[in-house]
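Colleague: Chains A, B and C are the protein sequences, given in the same order. The numbers in the numbering used here rise by one with no breaks, and the one at position 97 of the first sequence is 426. The numbers in the numbering used here rise by one with no breaks, and the one at position 121 of the second sequence is 232. The numbers in the numbering used here rise by one with no breaks, and the one at position 177 of the third sequence is 185.
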Amino acid sequence: MDFIYSMTTCTAAADVITLADRAAAAVDTNIWLSILYMVLALVGIGALTAVLGVVLIYAERKIAGHFQCRLGPMRVGPHGILQTVADTLKLLLKEDVVPASADKAMHFAAPLMSLMATVLVLGVIPYSPILQVTDVNIGILYVTAVSGLGVMGILLGGWSSNNKWSLVGGMRAAAQMISYEISATLSVLVMVLFAGTLSLSGIVQSQESGWWIWRAHGTGLVAFVIFIIASTAEINRTPFDIPEGESELTGGFHTEYSGLRFAFFFLSEFINMFAASAIAATLFLGGWMPFYIEGFETFNKITSLIPPALWFLGKTAFLIFIFMWFRWTFPRLRVDQLMRLEWKILLPIGFINLIAAAVIVLTKFYFFPV
Amino acid sequence: MTGQIKKEIRKVGLKDIPVAVVSPLKKAQSGLCALASLAKGMRLTFSYFRRPSKIVTQQYPENRATLKFPPRYRAMLKLIYEDNGYHRCTACGLCDKACPNGSIKVITRKGAATGRVELDRYIWRLDSCVMCNACVQACPFDALEMGHEFENAVYDRRLLVFNLNRYAGPPASVMLKTEESLRPAMMEKRDRYDGPVPLNGAQIPIVKPLISQEGGL
Amino acid sequence: MTAIVRTLDDVLIAPAHPGRGATQEYFLNMGPQHPIAHGSLRIILLLDGETIRKVIPVPGYVHRGIEKMCEHLNYRQIIHLTDRMDYLSALMNNWAVARTVEKAAGIEINDRIETIRTIMAELQRIQSHALWWGVLGMDLGAFTAFLYSFRDREIIGEIFEEIIGARLTMNYIQPGGVMYDITPDFADKVKKILSYMKRMVEEYDTLLSGNVILQERLRGVGILTQSRAISLGCTGPVLRASGFAYDLRKVEPYGAYEKAQFDVVVGTTGDCWDRYYVRIEEMRQSIRIIEQLIDDIPAGPTMVTKFNTKIKLPPGRYYNHVETARGVLGVFIYSDGGEKPYRLHFRSPSFNNMWAITEIAPGWRIADMIAIQSSLDLVIPDIDR
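1) For a contact meaning CB atoms closer than 9 Å, what does Tyr95(C) contact in chain B?
2) With H, G and I counted as helix, E and B as strand and the rest as coil, what does DSSP make of Thr473(A)?
3) What is the DSSP secondary structure of His137(C), reduced to helix, strand or coil?
4) Between Val63(C) and Ile378(C), is the Cβ-Cβ spacing less than 7 Å?
5) Identify the residues that DSSP records as bridge partners of Val272(B): which are they?
6) Out of Trp672(A), Ala687(A) and Thr417(A), which has the shortest C-alpha to C-alpha gap to Ser508(A)?
7) Could you compute how far the alpha carbon of Gly47(C) sits from the alpha carbon of Met146(C)?
8) Expressed to the nearest angstrom, what Euclidean distance is found between the alpha-carbon atoms of Lys206(C) and Ala264(C)?
9) Can you say whether Gln269(C) is buried or exposed, counting buried as having 16 or more other CB atoms within 10 angstroms of its CB?
10) According to DSSP, Leu496(A) sits in a beta bridge with which residue or residues?
11) Interface residues of chain A around Leu54(C) at Cβ under 8 Å?
12) Skipping 5 residues on each side, what residues in its chain have a beta carbon closer than 7 Å to that of His436(A)?
13) Classify Glu229(B) as helix, strand or coil using the three-state DSSP reduction.
14) Starting from the Cα of Pro282(B), find the closest Cα among Ala147(B), Cys206(B) and Gly196(B) and give me that residue.
15) At what residues does the alpha helix (DSSP H) containing Phe396(A) begin and finish?
16) With H, G and I counted as helix, E and B as strand and the rest as coil, what does DSSP make of Ser516(A)?
17) Less than 7 Å between CB atoms is the rule here; does Thr526(A) satisfy it with respect to chain B?
18) Which term fits Asn219(C), buried or exposed, when burial requires 16 or more other beta carbons within 10 angstroms of its beta carbon?
19) Using a Cβ cut-off of 9 Å, pull out every chain B residue sitting near Met397(C), in sequence order please.
20) Where does His436(A) fall in DSSP's three states?
21) Taking a cut of 8 Å between CB atoms, which residues from the region 384-409 of chain A lie near chain B?
22) List, in order along the chain, the chain A residues whose C-beta lies closer than 9 Å to that of Gly152(B)?
23) Quick one: list the residues of chain C neighbouring Gln484(A), beta-carbon separation under 8 Å, in chain order.
24) Is there at least one Cβ from chain C nearer than 7 Å to Thr567(A)'s Cβ?
25) Rounded to whole angstroms, what's the CA-CA distance from Met38(C) to Gln381(C)? Just pull it up for me.
26) Ignore the nearest five residues each way along the sequence and tell me which others in Glu75(C)'s own chain have a CB closer than 7 Å to its CB.
27) Compare the C-beta of Thr10(C) with all C-beta atoms of chain B and state if any pair is closer than 7 Å.
28) Should Ile295(C) be labelled buried (16 or more other beta-carbon atoms within 10 Å of its own) or exposed?
29) For Arg201(B), decide whether its Cβ has a neighbour in chain C, counting only Cβ atoms nearer than 7 Å.
30) Please classify Lys122(B) as buried or exposed, where buried requires at least 16 other C-beta atoms within 10 Å of its C-beta.
31) Check each candidate in Arg334(C), Ile117(C), Tyr285(C) and Ile127(C) and name the one with the smallest Cα separation from Pro183(C).
32) Under 7 Å between beta-carbons, which chain C residues line up against Gln248(B)? List them in chain order, please.
33) Could you check whether the Cβ of Arg161(C) sits closer than 7 Å to any Cβ belonging to chain A?
34) Name the residue from Leu81(C), Glu110(C) and Asn179(C) whose alpha carbon lies nearest to the alpha carbon of Ala129(C).
35) How many Å lie between Thr168(B) and Arg656(A) at the Cα?
36) Consult DSSP for Ser443(A) and reduce its assignment to one of helix, strand or coil.
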């Protein structure tokens, strides 16, 4: 039960241990310990979701405020820290209005599907060598598959509300998210080629000698840019937020939701943003791997003093800031422009990138050691 | 974005008009220019993010002490009281006529001491006043001003009808001509909510019910 | 082929299209309550998928009977109602009525009054275009633009507050002059504002005009040809963007516009981008006008008639107009010789501009509809009065 993290040998493969591993190891010796680990995992993910919701929504409002020459929430608690708590209380106490002619079962299920899809992704992200719920050996493939379920939530929400505005929003969302998954997957594949493994902590560990964003000979940078653009579209944020385009469709697919169910949609959008940032950080920026430079041992010693969980958090926070920066600067794209961007611009570039990466990896034609 | 405008002279009717023609956007920006334009926009918003000194909003209830109003700002209507406590209103009724929606009612009475018409009640309705400043402009005696009190929200609409004069009586010019001892007899105190009951005849404690009087509403 | 529509029910029966993949058109109400409706304007869209087939605007939700109210008020009292029509060009609305009354009653005003009116009107034009820009950004998804433009409006609003006393409903330009004289430091403050606004218009260009996403949203969308614009009676930047250089400030100069040199900004194709950029350039031209006028404001009284004199127009029909930020606002007064107009009618610019949507929107998508409506710069209280 060694929870003390050893700072000098954080990168050795033997030191990465997930909660699932611990549970599996304890099954034979002490079944209750095993169950404790499983419960810890569940509670941890739940707590993470809640904390992320509170922090991210507050951060979004404050950051939006500062981009716009104003302060953001300031009233509830010092500098508005308790704003999200107040919002959550309000949403909990709100009347749950369901349109009379809505499809009740689908209307009920849609926000749950949305939330489920995002929370499932949270389970496989390596937050630090000792903080990971489970390391599925098809890690990134699992992430791509499960986040596709989020589309179902939005589609169901749009359809079941029995509202033309919601329907238009839902249809747009389906088209958008399905298209951009392809670009996202293509850039993910580049990283898989270089790392040689699909498992997320394997990818992190393969970045020990440098993060893939620069180590992958240019294809990494291109893949990163494509992944960020595709992720912005996946999580329905400006400039790709037409499904919920407030100025056009009132509320898009979540027009007819109020109270806790709206809170689920809202929450799943922000957790999605965190998940997308976390995956991008894991694939391209090294996950929990500190910033090492080959041959500079003292520098490496200094950077490894910062706990890996903090590295992970820092990188993810930086990417979240980039997402928010996009939202508060750009107007949104029209549906056909969005489709054109994906199918005519991002997809060809992604394919060429993938082929180039494949050539580099197979021929081992490296400019510097990989 | 300069270089998008061409200047020329066009004829419209009989006139030669200098014209700046906006050139049409024929085609989209190409890849790298497009990304550069996005980056410039991001740089602009970030330049405001990193400078908290550029924040322009004020935290309202906390900054009441430092709020500054320009002198001409129009909020609550007031009668101007001179240092001696007398107003300047002669009840000529010009403000009453100038008000576009009847938010002012000047009720006059015959002064017992002077025998002339003087102000009895100056009723002003905040619930219909549009702060157009016509009354202030119309007054030939400079008796009115629109003051700076803007926090006028009430829970009961009937409290939006005021009496603006503190006393019923002649203006300062007449008062200063009479002897000091005779002055209290010429004035009668008036309360702020002394006016007629505006709605439905209901009774509320601080507003006296309307009794028929000359010049009443 | 056009069908005569007598009632709304005639249009509300959606025809199905057999043999075209069995799609059916449906109605969507961009109703009076809508986040982006710039006021309470109900627009009924007949949609086929996302493509618009027909646009039916239903105005009237903000009708307050201003023209009828004016029949009971004398010529000074009708000014405060004009503030509330197109509230973004309140001073220009005041000026329209003041001009009409002065011309009809034969009141001669001096150069100082004209110059002050011109400067105030141009300041308000900058303010109005700044708000339009911010709202266009917000409609198209760039929320930050809205806040930047409101911050800049505040700067101009502060000078209005100092001189006039009010920020929105001014009631400042009266028949016979202006209500208050300018303060001694007016010129310095305005010059500071002008240099600030010059920088800000550059920033507006950086944030939105140069942005490839916005350019793609507005380029080639909603083309209004010059002949259709003239037939529909569109005026203002909508007409000028279609290529016709009609600006009342040049064609029939009033106020101090003849003393200042400025260009009339004109577009070429009449698409949304032209309407957008024409207004941005108009902001620059307004700054130019004020720069030329601010330094030598002639001396003289600011009110030629005393406030309490009755203004009586001789019997007859009078019409006069000004160029507001939206277009030509015309005031028609039919007087029967009394203190109050017998009938007063406003020819409002947004009313004609609004009907342009029915011509230019069909064939485009919902998202383009938003862009078109924003680029037309409608103020709904002006339509409904």
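Glycine included, every Cβ here is placed at the ideal spot set by N, Cα and C.
Modeller: Looking at the coordinates:
1) Residues of chain B with a Cβ closer than 9 Å to the Cβ of Tyr95(C) do not exist; the shortest Cβ-Cβ separation is about 13 Å.
2) The three-state secondary structure of Thr473(A), taken from DSSP, is helix.
3) helix
4) no
5) DSSP lists Arg236(B) as partners of Val272(B).
6) Trp672(A)
7) 15 Å
8) 22 Å
9) exposed
10) Per DSSP, none; premise fails for Leu496(A).
11) What Leu54(C) touches in chain A: nothing, since even the nearest Cβ is about 12 Å away.
12) Val427, Ser489 and Ser490
13) Note: Glu229(B) maps to strand in three-state DSSP.
14) Gly196(B)
15) Ile360 to Phe396
16) The answer is helix: DSSP assigns Ser516(A) an H, G or I state.
17) no
18) buried
19) What the structure shows of chain C is the stretch from 9 to 393, and residue 397(C) is not part of that stretch, so it cannot be assessed.
20) helix
21) Ile392, His395, Phe396, Gln397, Cys398, Arg399, Leu400 and Met403
22) Thr658 and Phe659
23) Reading the sequence as shown, one finds Leu at residue 484(A) and not Gln. Correct list: empty, because the minimum Cβ distance to chain C is about 16 Å.
24) yes
25) 12 Å
26) Same-chain partners within the cutoff: Leu352, His353, Phe354 and Arg393.
27) The predicted position of Thr10(C) is uncertain, since its pLDDT is 47 and thus under 50; a value taken from the coordinates is nonetheless stated next. So no, Thr10(C) is outside the interface.
28) buried
29) The question names Arg, yet the displayed sequence has Thr at residue 201(B). Taking CB atoms only, Thr201(B) has no neighbour in chain C less than 7 Å away.
30) By the Cβ neighbour-count rule, Lys122(B) is exposed, with fewer than 16 other Cβ atoms within 10 Å of its own.
31) Ile117(C)
32) Met187 and Phe315
33) no
34) Asn179(C)
35) 21 Å
36) helix
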